[in-house]
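Novice: Sharing a structure, written as structure tokens. Questions coming.
Number of protein chains: 2
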Amino acid sequence: MNLITIRELYKNKENYVGKEVSVGGWVRSIRDSKTFGFVVMNDGTFFETLQIVYSDKLINFAEISKLNVGAAIIVKGLLVATPEAKQPFEIQAADVTVEGTSTAEYPLQKKRHSLEYLRTIAHLRPRTNTFQAVFRVRSLIAYAIHQYFQERDFVYVHTPLITGSDCEGAGEMFRVTTLDMENLPRTTEGKVDYNEDFFNKETSLTVSGQLNGETYAMAFRNIYTFGPTFRAENSNTTRHAAEFWMIEPEIAFADLQDDMMLAEGMLKYVINYVLENAKEEMQFFNQFVDKGLLERLHNVATSEFGHVTYTEAIEILEKVNDRFEYKVSWGCDLQTEHERYLTEEVYKKPLFVTDYPKDIKAFYMKMNEDNKTVAAMDLLVPGIGEIIGGSQREDDYAKLTARMAELDLKEEDYEFYLDLRKYGSTRHAGFGLGFERCVMYLTGMANIRDVIPFPRTVNNCEF
Amino acid sequence: MNLITIRELYKNKENYVGKEVSVGGWVRSIRDSKTFGFVVMNDGTFFETLQIVYSDKLINFAEISKLNVGAAIIVKGLLVATPEAKQPFEIQAADVTVEGTSTAEYPLQKKRHSLEYLRTIAHLRPRTNTFQAVFRVRSLIAYAIHQYFQERDFVYVHTPLITGSDCEGAGEMFRVTTLDMENLPRTTEGKVDYNEDFFNKETSLTVSGQLNGETYAMAFRNIYTFGPTFRAENSNTTRHAAEFWMIEPEIAFADLQDDMMLAEGMLKYVINYVLENAKEEMQFFNQFVDKGLLERLHNVATSEFGHVTYTEAIEILEKVNDRFEYKVSWGCDLQTEHERYLTEEVYKKPLFVTDYPKDIKAFYMKMNEDNKTVAAMDLLVPGIGEIIGGSQREDDYAKLTARMAELDLKEEDYEFYLDLRKYGSTRHAGFGLGFERCVMYLTGMANIRDVIPFPRTVNNCEF
Numbered sequence: 001m002n003l004i005t006i007r008e009l010y011k012n013k014e015n016y017v018g019k020e021v022s023v024g025g026w027v028r029s030i031r032d033s034k035t036f037g038f039v040v041m042n043d044g045t046f047f048e049t050l051q052i053v054y055s056d057k058l059i060n061f062a063e064i065s066k067l068n069v070g071a072a073i074i075v076k077g078l079l080v081a082t083p084e085a086k087q088p089f090e091i092q093a094a095d096v097t098v099e100g101t102s103t104a105e106y107p108l109q110k111k112r113h114s115l116e117y118l119r120t121i122a123h124l125r126p127r128t129n130t131f132q133a134v135f136r137v138r139s140l141i142a143y144a145i146h147q148y149f150q151e152r153d154f155v156y157v158h159t160p161l162i163t164g165s166d167c168e169g170a171g172e173m174f175r176v177t178t179l180d181m182e183n184l185p186r187t188t189e190g191k192v193d194y195n196e197d198f199f200n201k202e203t204s205l206t207v208s209g210q211l212n213g214e215t216y217a218m219a220f221r222n223i224y225t226f227g228p229t230f231r232a233e234n235s236n237t238t239r240h241a242a243e244f245w246m247i248e249p250e251i252a253f254a255d256l257q258d259d260m261m262l263a264e265g266m267l268k269y270v271i272n273y274v275l276e277n278a279k280e281e282m283q284f285f286n287q288f289v290d291k292g293l294l295e296r297l298h299n300v301a302t303s304e305f306g307h308v309t310y311t312e313a314i315e316i317l318e319k320v321n322d323r324f325e326y327k328v329s330w331g332c333d334l335q336t337e338h339e340r341y342l343t344e345e346v347y348k349k350p351l352f353v354t355d356y357p358k359d360i361k362a363f364y365m366k367m368n369e370d371n372k373t374v375a376a377m378d379l380l381v382p383g384i385g386e387i388i389g390g391s392q393r394e395d396d397y398a399k400l401t402a403r404m405a406e407l408d409l410k411e412e413d414y415e416f417y418l419d420l421r422k423y424g425s426t427r428h429a430g431f432g433l434g435f436e437r438c439v440m441y442l443t444g445m446a447n448i449r450d451v452i453p454f455p456r457t458v459n460n461c462e463f
Numbered sequence: 001m002n003l004i005t006i007r008e009l010y011k012n013k014e015n016y017v018g019k020e021v022s023v024g025g026w027v028r029s030i031r032d033s034k035t036f037g038f039v040v041m042n043d044g045t046f047f048e049t050l051q052i053v054y055s056d057k058l059i060n061f062a063e064i065s066k067l068n069v070g071a072a073i074i075v076k077g078l079l080v081a082t083p084e085a086k087q088p089f090e091i092q093a094a095d096v097t098v099e100g101t102s103t104a105e106y107p108l109q110k111k112r113h114s115l116e117y118l119r120t121i122a123h124l125r126p127r128t129n130t131f132q133a134v135f136r137v138r139s140l141i142a143y144a145i146h147q148y149f150q151e152r153d154f155v156y157v158h159t160p161l162i163t164g165s166d167c168e169g170a171g172e173m174f175r176v177t178t179l180d181m182e183n184l185p186r187t188t189e190g191k192v193d194y195n196e197d198f199f200n201k202e203t204s205l206t207v208s209g210q211l212n213g214e215t216y217a218m219a220f221r222n223i224y225t226f227g228p229t230f231r232a233e234n235s236n237t238t239r240h241a242a243e244f245w246m247i248e249p250e251i252a253f254a255d256l257q258d259d260m261m262l263a264e265g266m267l268k269y270v271i272n273y274v275l276e277n278a279k280e281e282m283q284f285f286n287q288f289v290d291k292g293l294l295e296r297l298h299n300v301a302t303s304e305f306g307h308v309t310y311t312e313a314i315e316i317l318e319k320v321n322d323r324f325e326y327k328v329s330w331g332c333d334l335q336t337e338h339e340r341y342l343t344e345e346v347y348k349k350p351l352f353v354t355d356y357p358k359d360i361k362a363f364y365m366k367m368n369e370d371n372k373t374v375a376a377m378d379l380l381v382p383g384i385g386e387i388i389g390g391s392q393r394e395d396d397y398a399k400l401t402a403r404m405a406e407l408d409l410k411e412e413d414y415e416f417y418l419d420l421r422k423y424g425s426t427r428h429a430g431f432g433l434g435f436e437r438c439v440m441y442l443t444g445m446a447n448i449r450d451v452i453p454f455p456r457t458v459n460n461c462e463f
């Protein structure tokens, strides 16, 4: 079907004004008098709508006038400029074909709906202004991330989703199985017999692609992952989902400084891409969702990010300990209240906090010379706190195995990972960006359920 | 660290020849005499290698000469043109720093290894020529697909991986659960009590994002998915994996013709992108993996694809039924032997077969006026057979529910899907492309285990 998109009409209007065009879309509102009427339509390709004027010269004038919000129509007509009106042009319809009607029961009538209600109709909510904006921007952010890494010749690696290892804490993982639950096979000892399972062993859904990603960085030098990860945490908060997407770049012949430069470059690139390519949507968020959004993002895109060590940060925070619910002291993990104070009130810009105590960070992080801290970094941003976490990796076989022994991790569970330290080990580093956190940050949306098309959270797996 | 990539040296050599450069990479081979030696190194950013000449003027000459294949080094030195040699330039090393040694036990010594063996060291195989080529091309194909759709303003939708519906056949799905397998909670009737499970119900891993994708096409008009899908099929073949990635575009205000144009455009775009951006890798595949590859791909990229209806195709095939293992007759499904005969011997180019009997296709496909066939299409390509399958969707509420009743599908399991036919239904269509099939097709690799970084198949979930 040869239909022009509303995006194309807005982007290149000089090519279409004064000409006959055909468009297809959905009725957002309709009003009519005895002899003519107006339809506001949206075709999903652009945030703005298109006004259609139709008159009783059309043989189906009555049919059109009876349409409900949500109906699908195809309109042919002359595109005329309307310099005196709010919208730049409208179509004077010569023909209106009804593709599909709607009814008075259509849940998205003109009135405003709460976000809570819209979550119950996740299959229809992308037709509203808010979710048109959210999910177009989500798509653009995803593409900007790919573009950033691909332009720098990073190799995109699909790390596995189903995993036989439980290296990051089995308690929070989802089990994957094809065993007959009503009739589980048993070993002679009476345990569940996973030899009968699809993979011949216990398997779960991954919580991170990092360890697999490192193997590819040691072959391609610069790689990134972008895929789903899973947490079976019983956290019913606005920031946790059981299924979400992560970006995990990993760079070889690189240290923590390179890692921070990569993260800073990526965040600025993505912000600029979205400000450039989703102007209407970003204006909408700034106006209706989060008033300070554009100023905050412009600030991030143009600041040189700050740097502070964890130890320095603790000194800063201890001076104002009375304002915090959780008091800080060296060795404690930073809470969102501390992170936001640092980035919003002290530095007033994005801030890398580096060199955390080893005991609050993962086993694979590179030990610093003080033997107390590791070469880790968290990026804190105003309005949210931590958005990225990364580190240089321990590339020394002896140090890594010693640390694993301290933490009671078994070497045989990490054989492939240790091989990387046996054969051509080199400095390398990486970070993780929770994709949904990033979407929340760039749109100002406050609940993770509103930036995932069909969110999965505790007790909720609808659609 | 300020290291230049080997890719950059090759792409812009005029900027570097005659200058001092620093590079980091891994030793592919090394040979030395008493006073000088050669290292061939690869840094993973480019298919070609870089030759390093070093001499006994370096204080660590002996250390370098003892290096094993696989060691990681950083080299500083003068890049000099070598017009008389095979390679365009080499580095005369002024400094060689050993980042990480390797040992004689390193599994990737110079000799050739079988693909079967390399599968057992999936964490190291990306360091070989073959897998450097495969996984860089895999990355480029993924990006080309995003680029194709994003340039056309399609919205990228992340459809859910964990699903509470079993709309496409529960027998082949993986169950997802957090129940204690050794001690399953039971209902008063003695059944497993899924009310105690994480999502309060039975859940599985998705086999397709299409139904969810359709809801977004009815909001954004043009969308695509690109994400993992899962099959718990007990098929131990070279073409089946339990976890693989799929691309599923969906377009509204569009019919089967539009769908085929989109598929043809995408495939040509991706082929051209890879031929352009992975010249060295594609030459390698053509020379060492699949002799006719480049000719076949050029042919696909420049042909206008053929079109034939299923009914016409059966007439063609029936005439030569004696050459087939499976004899055809109207109503049967096409096997690979039939598909390849049509595309390779009859049409000698990619071929769309359309309008299949309704009984061999899914319930959601649009019924044709003959009431016997549906508006489905399969794209067949020389050398492989089917690579894409798609259809126009049934957008008529009455026809769709009637077909569901014939197939004993319960309306309550498809409420959100049926809503799309109640509120502003319109012609729409889409297709599915198995990403790994596409990678196999473009690289000539014959086994799906060799185009997935860490493949998951029956009884195999390593790394």
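Chains A and B are the protein sequences, given in the same order.
In terms of the UniProt record's numbering, the first sequence is residues 1 to 463.
In terms of the UniProt record's numbering, the second sequence is residues 1 to 463.
Glycine included, each C-beta is placed from N, C-alpha and C at the ideal position.
Treat the numbers as computed from the prediction; the structure is a model and nothing was measured.
1. Residue 181 (chain A) and residue 204 (chain A) - do their beta-carbons sit closer together than 7 Å?
2. Give, in chain order, every unbroken run of the beta strand (DSSP E) that is at least 3 residues long and sits entirely within the stretch 5–33 of chain B.
3. So, does the stretch 76–86 of chain B touch the stretch 28–48 of chain B, judging by three or more C-beta pairs under 8 Å?
4. Please compile the residues from chain B whose C-beta is within a distance smaller than 7 Å of the C-beta of residue 307 (chain A).
5. By DSSP, does residue 58 (chain A) sit in helix, in strand, or in coil?
6. With DSSP as the reference, label residue 159 (chain A) as helix, strand or coil.
7. Am I right that residue 237 (chain B) and residue 207 (chain B) are in contact with their C-beta atoms under 8 Å? What's the rounded C-beta distance?
8. Use the C-beta contact count for residue 398 (chain A): other C-beta atoms within 10 angstroms, 16 or more gives buried, fewer gives exposed.
9. Does the beta carbon of residue 85 (chain A) come closer than 7 Å to any beta carbon on chain B?
10. Between residue 392 (chain B) and chain A, is there a C-beta pair that is closer than 7 Å?
11. At the 7 Å Cβ level, is residue 30 (chain B) part of the contact set with chain A, yes or no?
12. Output, in chain order, the set of chain A residues within a Cβ distance shorter than 8 Å of residue 126 (chain B).
13. Any idea what DSSP makes of residue 3 (chain A), helix, strand or coil?
14. For residue 366 (chain A) versus residue 392 (chain A), is the C-beta spacing smaller than 7 Å?
15. Against chain B, which members of the stretch 416–427 of chain A pass a CB distance test of less than 9 Å?
16. Between residue 217 (chain B) and residue 250 (chain B), how many whole angstroms is the CB-CB distance? I'm expecting something under 8 Å.
17. Is it buried or exposed, residue 407 (chain B), if we count other Cβ atoms within 10 angstroms and call 16 or more buried?
18. Along chain A, which residues have their Cβ under 9 Å away from the Cβ of residue 161 (chain B)?
19. Whether or not the stretch 346–366 of chain A and the stretch 374–390 of chain A are in contact is what I'm after, with contact meaning three or more pairs of Cβ atoms, one per stretch, closer than 8 Å; do they touch?
20. Would you kindly report the start and end of the unbroken alpha helix (DSSP H) that includes residue 311 (chain A)?
21. Based on DSSP bridge pairs, tell me the residues matched to residue 245 (chain B).
22. Return no unless some Cβ of chain B is closer than 7 Å to the Cβ of residue 261 (chain A).
23. Is DSSP giving residue 392 (chain B) helix, strand or coil here?
24. Evaluate residue 170 (chain A) with the Cβ neighbour count: other Cβ atoms within 10 Å of its Cβ, from every protein chain shown; 16 or more gives buried, anything less gives exposed.
25. Would you call the stretch 210–224 of chain A in contact with the stretch 251–267 of chain A, where contact means no fewer than 3 C-beta pairs closer than 8 Å?
26. Starting from residue 420 (chain A), follow its DSSP beta bridges and name the residues at the other end.
27. State yes or no: is the beta carbon of residue 414 (chain B) nearer than 7 Å to at least one beta carbon in chain A?
28. So, residue 139 (chain A) versus residue 156 (chain B), is the Cβ gap smaller than 7 Å?
29. Between residue 123 (chain B) and chain A, is any beta-carbon pair separated by less than 7 Å?
30. Smallest Cα separation from residue 62 (chain B): which of B:283, B:51 and B:98?
31. Can a CB atom of chain B be found closer than 7 Å to the CB of residue 96 (chain A)?
32. For residue 244 (chain A), which option in B:244, B:307, B:162 and B:259 has the closest C-alpha, if you only look at C-alpha atoms?
33. For the stretch 14–38 of chain B, list every residue whose C-beta sits within 8 Å of some C-beta in chain A, in sequence order.
34. What is the DSSP secondary structure of residue 170 (chain B), reduced to helix, strand or coil?
35. According to the neighbour-count rule (16 or more other Cβ atoms, all chains shown, within 10 Å of its Cβ), is residue 375 (chain A) buried or exposed?
36. Have a look at residue 226 (chain A) and residue 247 (chain A) and give me their C-alpha separation to the nearest angstrom.
Specialist: The short version:
1. Position 204 of the first sequence, counted from the first residue, corresponds to residue 204 (chain A). Position 181 of the first sequence, counted from the first residue, corresponds to residue 181 (chain A). No.
2. With a minimum length of 3 residues, the unbroken runs of beta strand (DSSP E) contained wholly in the stretch 5–33 of chain B fall at 20–32.
3. As far as the Cβ criterion goes, the stretch 76–86 of chain B does not touch the stretch 28–48 of chain B, which means the pair count is below three.
4. Against the first sequence, residue 307 (chain A) aligns to sequence position 307. The premise fails here: residue 307 (chain A) is roughly 18 Å from chain B at the closest Cβ pair, so nothing lies under 7 Å.
5. Your numbering for residue 58 (chain A) matches position 58 in the first sequence. Coil at residue 58 (chain A), not helix or strand.
6. As a position in the first sequence, residue 159 (chain A) is number 159, starting the count at 1. Judged by DSSP in its simplified three-state form, residue 159 (chain A) adopts coil rather than helix or strand.
7. As a working mapping, residue 237 (chain B) is identified with position 237 in the second sequence. As a working mapping, residue 207 (chain B) is identified with position 207 in the second sequence. Not a contact, Cβ separation roughly 17 Å.
8. Translated into the one-based positions of the first sequence, residue 398 (chain A) becomes position 398. The residue is exposed, with fewer than 16 neighbouring Cβ atoms inside 10 Å.
9. Along the first sequence, one-based indexing puts residue 85 (chain A) at 85. At a cut-off of 7 Å between beta-carbon atoms, residue 85 (chain A) makes no contact with chain B.
10. Position 392 of the second sequence, counted from the start, is the residue given in the question as residue 392 (chain B). It does not: the Cβ of residue 392 (chain B) has no partner Cβ on chain A nearer than 7 Å.
11. As a first step, residue 30 (chain B) must be located in the second sequence, where it is residue number 30. No, no contact with chain A.
12. Taking the second sequence and counting its residues from 1, one reaches residue 126 (chain B) at position 126. Chain A residues near residue 126 (chain B): 215, 216, 219 and 220.
13. Counted from its first residue, the first sequence places residue 3 (chain A) at position 3. Note: residue 3 (chain A) maps to coil in three-state DSSP.
14. Within the first sequence, numbered from 1, the residue matching residue 366 (chain A) stands at position 366. Within the first sequence, numbered from 1, the residue matching residue 392 (chain A) stands at position 392. Yes, the pair counts as a contact, with Cβ atoms nearer than the cut-off.
15. So the close ones are 416, 417, 419, 420, 421, 422, 423, 424, 425, 426 and 427.
16. Walking along the second sequence from the start, residue 217 (chain B) turns up at place 217. Walking along the second sequence from the start, residue 250 (chain B) turns up at place 250. Yes, residue 217 (chain B) and residue 250 (chain B) are in contact; Cβ-Cβ is about 4 Å, under 8 Å.
17. The count along the second sequence starts at 1 and reaches residue 407 (chain B) at position 407. With fewer than 16 other beta carbons inside 10 angstroms of its own, residue 407 (chain B) counts as exposed.
18. What you label residue 161 (chain B) is simply residue 161 of the second sequence in a count that begins at 1. Neighbours of residue 161 (chain B) on chain A, chain order: 161, 205, 228, 230, 243 and 456.
19. Taking one beta carbon from each stretch, the stretch 374–390 of chain A and the stretch 346–366 of chain A have 3 or more pairs nearer than 8 Å; the two touch.
20. Stepping through the first sequence from its first residue, residue 311 (chain A) is reached at position 311. Residue range 310–318 is occupied by the alpha helix (DSSP H) that includes residue 311 (chain A).
21. Start at 1 with the first residue of the second sequence, and residue 245 (chain B) comes out as number 245. Beta-bridge partners of residue 245 (chain B) (DSSP): B:228.
22. Within the first sequence, residue 261 (chain A) is the residue found at index 261, counting from 1. It does not; no Cβ of chain B falls within 7 Å.
23. Along the second sequence, one-based indexing puts residue 392 (chain B) at 392. Strand.
24. By 1-based counting over the first sequence, the position of residue 170 (chain A) is 170. Residue confidence is low: residue 170 (chain A) scores 43 on pLDDT, short of 50, so the model does not pin down where it sits. Its coordinate-derived value is still stated next. Per the 10 Å Cβ criterion, exposed.
25. Taking a cut-off of 8 Å on C-beta distances, the stretch 210–224 of chain A touches the stretch 251–267 of chain A, as three or more cross pairs fall below it.
26. One-based indexing of the first sequence puts residue 420 (chain A) at position 420. Under the DSSP definition of a beta bridge, residue 420 (chain A) lacks any partner.
27. Taking the first residue of the second sequence as 1, we reach residue 414 (chain B) at position 414. Chain A contact via Cβ: absent.
28. Translated into the one-based positions of the first sequence, residue 139 (chain A) becomes position 139. Translated into the one-based positions of the second sequence, residue 156 (chain B) becomes position 156. In this structure, the beta-carbon distance from residue 139 (chain A) to residue 156 (chain B) falls below 7 Å.
29. Position 123 of the second sequence, counted from the start, is the residue given in the question as residue 123 (chain B). With 7 Å as the cut-off, residue 123 (chain B) counts as an interface residue toward chain A.
30. Here residue 62 (chain B) refers to the residue found at position 62 when the second sequence is read from its first residue. Comparing alpha carbon positions, the residue from B:283, B:51 and B:98 closest to residue 62 (chain B) is B:98.
31. Your numbering for residue 96 (chain A) matches position 96 in the first sequence. Taking Cβ atoms only, chain B never reaches closer than 7 Å to residue 96 (chain A), which makes this a no.
32. In the first sequence, the residue the question calls residue 244 (chain A) occupies position 244. With distances taken between Cα atoms, residue 244 (chain A) lies closest to B:162.
33. Listed in chain order, the positions of the stretch 14–38 of chain B with a beta carbon within less than 8 Å of a beta carbon of chain A are 24, 25, 26 and 27.
34. Against the second sequence, residue 170 (chain B) aligns to sequence position 170. Caution applies to residue 170 (chain B), whose pLDDT of 43 falls short of 50 and renders its modelled position unreliable; the model cannot decide the point.
35. Within the first sequence, residue 375 (chain A) is the residue found at index 375, counting from 1. Residue 375 (chain A) should be labelled buried.
36. Walking along the first sequence from the start, residue 226 (chain A) turns up at place 226. Walking along the first sequence from the start, residue 247 (chain A) turns up at place 247. One C-alpha to the other measures close to 4 Å.
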